[in-house]
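Accompanying notes for the structure given below.
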Amino acid sequence: MSKKFGIIFVIIGVVLFLSALLLFLHNKNEDVQAGQNSEEILADVKTAIMENIEKAQNVAATKDAVLDTESDTANSEIVSDPEITGTDVASDGTNKTGETNVTTASVPQDEDYEEMPIVQIDGNRYIGIITIPAIGIELPVIADWDYELLNLAPCRHFGSSATDDLVIAGHNFVAHFANLRYLKEGDTVSFTDMNGEVIVYAVEKMEILDATAVDQVLNVDYDLILYTCTYEGTTRVTVFCNRI
């Protein structure tokens, strides 16, 4: 009888070992896949940011050209017909008060302008890139949050970099946010939005919070908060940062 029990215990032990091994391999595969996903997306996000920067530069150049043209036209009209302004006008286009009679051109805002710029890539919306040198990560950030999207990249859970209340969640993949727990006070975190604006933050503190501690994440006075679940899934590694 004892021999039979011994065999049963051995079988149970082997089954448990194989189950643990399969779980480890599954998690490892998910981690590798997550890293590949975010790396591919990161390249697309960087391209989109560069395109937005070039677009902004072209708009600025066009605005300057319009202003220069209107300035030349206004000065020409003033010099050729001083009576149109009702003031004495010098040859340099200024009146007695030294003010130049130039109309400032107005450039209309893009109708799609949002408080935080968003670009859609392959059906998902992105708000920028998070970079943390201390743990060696550079990742795209998705504008919307759900568990499926977290397999691709960290997601904005709440807020905006423009209003200094941005909260970003990420899975505890090694390629994503698993190493947040190693951050310490003073480490830098930078966020680059889709227009190429870079905001640099410093880590203020790191805490382990209950998964249900929503108020301690959403209703606190920090400019940037990053969090990820621990391996047990019952608590969250939470990093609080402020602008430098």
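Once you know that position 199 of the sequence shown is 198 in numbering that gives the first Met the number 0, the rest is easy, because the numbers rise by one and skip nothing.
Just so you know, even glycine gets a beta-carbon here, dropped at the ideal spot from N, CA and C.
Nearest-angstrom Cα distance between residue i and residue j?
i: V191; j: T233; result: Strictly speaking, residue 191 in this sequence is Thr, with Val absent from that position. Each residue's Cα considered, the two are about 31 Å apart.
i: I167; j: E53; result: 27 Å
i: N94; j: I48; result: Because the pLDDT of N94 is 47, which lies under 50, any placement of that residue in the model is unreliable, and the number read from its coordinates should be weighed accordingly. Whole-angstrom Cα-Cα distance: 45 Å.
i: I224; j: G169; result: 11 Å
i: K62; j: R235; result: 48 Å
i: E147; j: I141; result: 11 Å
i: Y230; j: N171; result: 7 Å
i: T103; j: A59; result: Note that T103 has pLDDT 32, beneath the 50 cutoff, so the model's placement of it is unreliable and no number is given.
i: F176; j: C228; result: 9 Å
i: I126; j: A55; result: 17 Å
i: V65; j: E50; result: 22 Å
i: V173; j: I40; result: 17 Å
i: D220; j: D163; result: 9 Å
i: G185; j: Q119; result: 33 Å
i: L149; j: I117; result: 17 Å
i: Q215; j: N178; result: 21 Å
Based on DSSP bridge pairs, tell me the residues matched to residue i.
i: L138; result: I129
i: D145; result: D145 pairs with nothing; no bridge assigned.
i: Q119; result: R124
Starting from residue i, trace the alpha helix (DSSP H) both ways and give me its first and last residue.
i: D214; result: 214 to 217
i: Y200; result: Y200 -> not in any alpha helix (DSSP H); beta strand (DSSP E) instead, spanning 197 to 209.
i: L165; result: Counting along the chain, L165 falls outside any alpha helix (DSSP H), though it belongs to the beta strand (DSSP E) covering 165 to 168.
Which residue comes first and which comes last in the beta strand (DSSP E) that contains residue i?
i: L223; result: 223 to 228
i: D192; result: 187 to 192
i: F157; result: 154 to 157
i: F176; result: Note, F176: premise wrong, no beta strand (DSSP E); not H, not E.
Is it true that the CB of residue j sits closer than 8 Å to the CB of residue i?
i: A133; j: L208; result: no
i: L165; j: R155; result: yes
i: E245; j: F239; result: Residue 245 falls outside the range modelled here, since the chain spans only 0 to 243, and no answer is possible.
i: I131; j: P153; result: no
i: D222; j: N194; result: no
i: N36; j: L217; result: no
i: T211; j: Y200; result: no
i: E114; j: A161; result: yes
i: P139; j: V44; result: yes
Since residue i and residue j are thought to touch, with beta carbons under 8 Å apart, how far apart are those beta carbons, to the nearest angstrom?
i: R124; j: D143; result: 6 Å
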